[in-house]
Amino acid sequence: MKRKLMLLLTCLFVGIGLVTAQTQKVTGVVISEEDGQPVVGASVLVKGTNLGTITDVDGNFTLSSVPSSAKTLQISYIGMQTQEVAIKPNLRVVLKSDSQMVDEVVVVAYGSAKKSSLTGSVDIVKAEQLTKVPVTSFDQALQGKSAGVQVTAATGRPGAGANIKIRGTSSISAGSDPLYVIDGVPMSSTDFASINANDIEYMSILKDASATAIYGSRGSNGVILVTTKKGKSGKTTFNIRAQYGISTKTTDKFEMMNAQEKLTYERQLGSGYGATGGANGGAMTDEEIAAHPSTNWADEIFRTGATQLYELNMSGGSEKTKFYISGQYYDQDAIVPGSYLTRETARINVEHTVSDRLKVGVATSAGISKEGLLRTDRNALNPFNYVYSANPYDAPFNEDGSYNTDITVGGVPLNIFENIDNNPSYINRLKIVGAFNLEWKIWDEIKYVTVAGVDFNQAIQYRYNKPESQLSNILSPDGPKGYRNDNFTQRATWLWTNMLTYEKTFNSVHAVKAVVGMEAQASKYRRINAMVEGFAIGKLDAISIGSTNKDVLGTTTEWKMLSYLGSAGYTYDDKYILDVALRRDGSSRFGADNQFGTFWAVGLGWNMEREKFLENIEWLTRLKIRGSVGTSGNNNIGDYAAQGVYGYGSYNSESTAYPSRLPNPNLSWEKSMQTSVGLDASFFDSRLSVTFDLYKRKTTDLLLATRLSMTSGFSSRIDNVGEMENKGYELAISGDVIRTNDWTFSLNGMISQNKNKVLKLYEGNDITIGWNSLVSEGHPINVYKMVRWAGVNPANGDALYYTKDGKITNVYNSDDAVILDDKTPDPKYFGSFGAKLAYKGIELSGDFYFSGGNYIYNHINFFTQSDGSMIDQNLDKKLLYNQWTKPGDITNIPKQSLNNQSYQSTRYLEDASYLRLRNITLAYTLPKRWLKPLRMENLRIYAQGLNLFTITNFSGLDPEVGDSPTTGLAATAGPAASVLDFSFPAARTIMFGIEIGF
219 MKRKLMLLLT
229 CLFVGIGLVT
239 AQTQKVTGVV
249 ISEEDGQPVV
259 GASVLVKGTN
269 LGTITDVDGN
279 FTLSSVPSSA
289 KTLQISYIGM
299 QTQEVAIKPN
309 LRVVLKSDSQ
319 MVDEVVVVAY
329 GSAKKSSLTG
339 SVDIVKAEQL
349 TKVPVTSFDQ
359 ALQGKSAGVQ
369 VTAATGRPGA
379 GANIKIRGTS
389 SISAGSDPLY
399 VIDGVPMSST
409 DFASINANDI
419 EYMSILKDAS
429 ATAIYGSRGS
439 NGVILVTTKK
449 GKSGKTTFNI
459 RAQYGISTKT
469 TDKFEMMNAQ
479 EKLTYERQLG
489 SGYGATGGAN
499 GGAMTDEEIA
509 AHPSTNWADE
519 IFRTGATQLY
529 ELNMSGGSEK
539 TKFYISGQYY
549 DQDAIVPGSY
559 LTRETARINV
569 EHTVSDRLKV
579 GVATSAGISK
589 EGLLRTDRNA
599 LNPFNYVYSA
609 NPYDAPFNED
619 GSYNTDITVG
629 GVPLNIFENI
639 DNNPSYINRL
649 KIVGAFNLEW
659 KIWDEIKYVT
669 VAGVDFNQAI
679 QYRYNKPESQ
689 LSNILSPDGP
699 KGYRNDNFTQ
709 RATWLWTNML
719 TYEKTFNSVH
729 AVKAVVGMEA
739 QASKYRRINA
749 MVEGFAIGKL
759 DAISIGSTNK
769 DVLGTTTEWK
779 MLSYLGSAGY
789 TYDDKYILDV
799 ALRRDGSSRF
809 GADNQFGTFW
819 AVGLGWNMER
829 EKFLENIEWL
839 TRLKIRGSVG
849 TSGNNNIGDY
859 AAQGVYGYGS
869 YNSESTAYPS
879 RLPNPNLSWE
889 KSMQTSVGLD
899 ASFFDSRLSV
909 TFDLYKRKTT
919 DLLLATRLSM
929 TSGFSSRIDN
939 VGEMENKGYE
949 LAISGDVIRT
959 NDWTFSLNGM
969 ISQNKNKVLK
979 LYEGNDITIG
989 WNSLVSEGHP
999 INVYKMVRWA
1009 GVNPANGDAL
1019 YYTKDGKITN
1029 VYNSDDAVIL
1039 DDKTPDPKYF
1049 GSFGAKLAYK
1059 GIELSGDFYF
1069 SGGNYIYNHI
1079 NFFTQSDGSM
1089 IDQNLDKKLL
1099 YNQWTKPGDI
1109 TNIPKQSLNN
1119 QSYQSTRYLE
1129 DASYLRLRNI
1139 TLAYTLPKRW
1149 LKPLRMENLR
1159 IYAQGLNLFT
1169 ITNFSGLDPE
1179 VGDSPTTGLA
1189 ATAGPAASVL
1199 DFSFPAARTI
1209 MFGIEIGF
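All residue numbers for the sequence shown refer to my numbering, where the first residue is 219 and numbers rise by one.
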């Protein structure tokens, strides 16, 4: 009996052991990659079974009695990508949001594709990269986000867009702006401030021929595809965002004379200017100079600006219908009076699945804005001119608070504050972008897709001079006082795209994809301008009240384009990739004999990590080689550039018409051929990623003016006659240095270099485009041509210059000007680097941007360091303290004498290299377990800084906005400008914000 009992107990324990050995206990934690917070309520399921659980408030989960044969867990959560992980002890699962699926599937030209199957150079900029930079126009947020994409602020004015060049300047006269496409609709770049950056899911930047050729005559400058946010099935979520911030000027380096210094300098030169007034005024004594009040015009002009933003968006839907709705209000007062921006935007995106074979969708946005404009059409109207030019012994206001109307700047008696208050100028804008799309799955492999879209832009600019204003008396001293100018512009562009797509994989290894389609596009532009003068009372400004119609004009232009397109791709076993693309465009902009052009591209790719000889290298995650060659074009010229044009006038009180331009039936688009090779690699489970590209692009048939025989009655016409090339490299590196449950630390950096050369111009003739700047055959575009500065003669204080053959002389001769290939407006290199450190819910991130090797002609210094010829305005302190005064002095400031002429030379050409802390963000996301009792999904508070500091040797206000996209000048209103335009500088901004999700 005892033996039987022992045998029974032994069998029992063995059975329990066998059962225990057949099951296991699995524990782990699920966190969000986006913010590092625990994911509460995530579903954890043993694959192939019904055994599962959900995570607790800390993201933890426990599964007991899991069969030992089970190998995989499936973890899912609404709004995040489902992930499968191998079962092992103490799992840590990181879920990515649906928006991060762009790492795998991205929007490309006329469709989407896996990144692993791309042969072209395509960069992805995600939503969080855009919204962490507090700018008014989303294109400005692209700075430093993509290698080879140069983004510069043309101005610090609120609402102003950026200048963007992808892989260099590819045109002399037809522009270098990329093509923007939002949700399948090409969009004009005139008013990006009306697009809410927070509505953008991500942007795809297409840079090489394989990626852009299918856009044909519009793709040579690159393409930026904007994909907006879509709704997600499940419960409706609400997100609220509020921000408030302040802005100040980025620099205090205004080395201008104060009243005592300026009066001393005037007395030294015997000018007779100053508080005594007039050229015959007597000199002031030391006591009078010391006692005279002084005005710091930089402190008077600049102020602290304020910005506020409020936004609400909601997203949700069912399995059949999904929606995303947003609205935003934005208000900004700039760092100078008279400049401001208010904006309201709204977006509605809806997708509906009619059946398993039919889907429809609508994506529509609207934005209205009002921007206060500074009057910069004359020197004395530009407030930044006052910072440098207004005399420090003049006060802006009298003791009783009234305007001081005795101020004179640039020979014009005008008080800038009186001008801003009495001569308002602003512009109202309306922008609507809408797209309707339909997708019909005809068969499992074949789909029909149609997109109908519209881009509507309208602007009304208002400018009014009150009759009692100083400016009114200056413009019309003896005639009607006061004038109003209304300028109305409108452009409506519509698009209709139809495509058939075929996609199928044979035998699990042969993946084939093809697209054929047609596209029709048309655009119409209208402008009406009316100016009236003669107003009796300043408060009554209705345009009908003016007594005299001074100028009334109207213009209407339009263009149309018809295109046929196709592409095909083949991938073998996700290893070897072949892409081809073809497009034929017909445009009304070009000559009757040359309206159609054909563009093509071929791309190859090799995913080497899938090869057997590399499959056992555990530290290698991805290794891809790709290359492409192809053509694209640029049709960015006037709507009627190829047609004969008539002018109008009057003769003997009768209206007349006359031919003002000859037609050119052979005029065609500029064409670019680009060759590119690239490498994409990642290591250590994608903790380190590297992308490298080499490219060369040759542009032919540049649109340039050619001379005609005077017997034709015309001096010139536009022809396809020039050539130029760009070549360079792009390198981007990113890595996760630390990646643990609580800590993450990542670094990123990129650098680009582009070299440009003009290969051919009409008859080899140089093209002069501005202050000492030209386009010359055999040189980079926009080179400077000027006399070289040789310093100051220590013996007598004379300014010295180099002759053309390198000799030193004190005689300035403009014929000694030489082309400066080594000092161009374009940087020799540019890029960015940044870091992100996160601990649980705390995050600190920052990005630096740098640009090097470019030069800016600082025309401001030409005036403020004028050696005695600009004595009637304020001047640089250096003229007083660093001037040559006696033999043996070593200085770069010549001897000063009244009316001594300074000349345009490399004396004022400055290295504009800089390093800028572009943005920094400190944020805290509260734990979800704290928010659950409040029924909140998330709560994030943060502070952001923009342009906090800049390291540069450039002496101007801003080395970035001073670089004109055309001439590289710090002070120009455009090519061959005669009006000094002191640029609106960038602002230093600090923002505080909160984001709440329900």
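Ideal Cβ positions, reconstructed from N, Cα and C, are used throughout, including at glycine.
Span separating the alpha-carbon of residue i from that of residue j
i: Gly1215; j: Gly270; result: 28 Å
i: Pro1193; j: Ala359; result: Reliability fails at Pro1193, whose pLDDT of 31 lies under 50, so the model's placement of it is uncertain and the value that follows must be treated cautiously. The straight-line gap from Cα to Cα measures roughly 27 Å.
i: Gly523; j: Asp551; result: 5 Å
i: Ala239; j: Ser287; result: Per-residue confidence for Ala239 stands at a pLDDT of 47, beneath the threshold of 50, marking its modelled position as unreliable; no derived number is given.
i: His728; j: Tyr788; result: 7 Å
i: Phe724; j: Thr775; result: 51 Å
i: Gly862; j: Tyr980; result: 21 Å
i: Asn882; j: Ser781; result: 22 Å
i: Val554; j: Asn825; result: 54 Å
i: Gly1218; j: Asp504; result: Outside the shown range of the chain, which is 219 to 1216, sits residue 1218, and nothing can be said about it.
i: Ala378; j: Ala372; result: 8 Å
i: Pro1112; j: Ala608; result: 23 Å
i: Ala1227; j: Phe808; result: Look at the range of the chain in this structure, 219 to 1216, and you will see that residue 1227 is not part of it.
i: Lys243; j: Trp837; result: 30 Å
i: Ser261; j: Val343; result: 30 Å
i: Met475; j: Ser1084; result: 14 Å
i: Asp1023; j: Asp1016; result: 20 Å
i: Ile249; j: Ser544; result: 28 Å
i: Asp960; j: Gly1071; result: 42 Å
i: Asp984; j: Ser991; result: 10 Å
Cut-off 8 Å between Cβ atoms - residues of its own chain near residue i, not counting five sequence neighbours on either side
i: Ser536; result: Ser451
i: Asp624; result: Asp612, Pro631
i: Pro998; result: Lys973, Asn974, Lys975, Val976, Asp1039, Thr1042, Asp1044
Nearest candidate by alpha-carbon position, reference residue i, set the options
i: Asn747; options: Pro610, Ile761, Glu562, Val734; result: Ile761
i: Arg802; options: Phe472, Phe814, Val312, Ser933; result: Phe814
i: Lys659; options: Leu992, Gly628, Thr571; result: Thr571
i: Lys363; options: Asn1165, Pro1151, Arg1136, Thr1143; result: Arg1136
i: Ile692; options: Ala677, Phe706, Phe654, Asn637; result: Asn637
i: Asn531; options: Ser330, Gln347, Arg459; result: Arg459
i: Arg925; options: Lys842, Arg879, Gln368, Asn600; result: Arg879
Under 9 Å between C-beta atoms of residue i and residue j
i: Tyr462; j: Gly1211; result: yes
i: Phe1081; j: Tyr1067; result: no
i: Asp274; j: Val258; result: yes
i: Asn514; j: Phe541; result: no
i: Glu737; j: Asn767; result: no
i: Ala732; j: Thr711; result: no
i: Ser1201; j: Thr1170; result: no
i: Phe472; j: Val605; result: yes
i: Thr466; j: Phe1167; result: no
i: Glu721; j: Val730; result: yes
i: Ala392; j: Asn1079; result: no
i: Ile423; j: Leu397; result: no
7 Å CB neighbourhood of residue i in its chain, flanking five on each side removed
i: Ile763; result: Phe753
i: Asp426; result: Gly338, Ser339, Ser846, Gln892, Ser894, Tyr913
Contacts around residue i, its chain only, beta-carbon distance under 6 Å, and the 5 residues preceding and following it disregarded
i: Lys350; result: Thr1139
i: Val432; result: Note that residue 432 is Ile in the sequence shown here, rather than Val. Excluding residues within five positions, the ones whose Cβ falls inside 6 Å are Ala327, Leu783, Ser785, Ala799, Arg801.
i: Leu912; result: Val895, Tyr947
i: Ser900; result: Thr839, Arg840, Ser907
i: Ser806; result: Trp777, Lys778
i: Met1209; result: Pro352, Gln461, Gly463, Gln1162
For this session: Say whether the segment 1038-1046 touches the segment 1010-1023, bearing in mind that this needs 3 or more beta-carbon pairs closer than 8 Å, one atom from each stretch.
Result: no
For this session: Could you tell me whether the segment 374-392 touches the segment 865-875, where touching means 3 or more Cβ pairs closer than 8 Å?
Result: no
For this session: Mind the definition here: the segment 671-684 touches the segment 637-653 only if three or more C-beta pairs lie below 8 Å; say whether that holds.
Result: yes
Problem set entry | Contact the segment 883-894 vs the segment 425-440: 3+ CB pairs below 8 Å | yes
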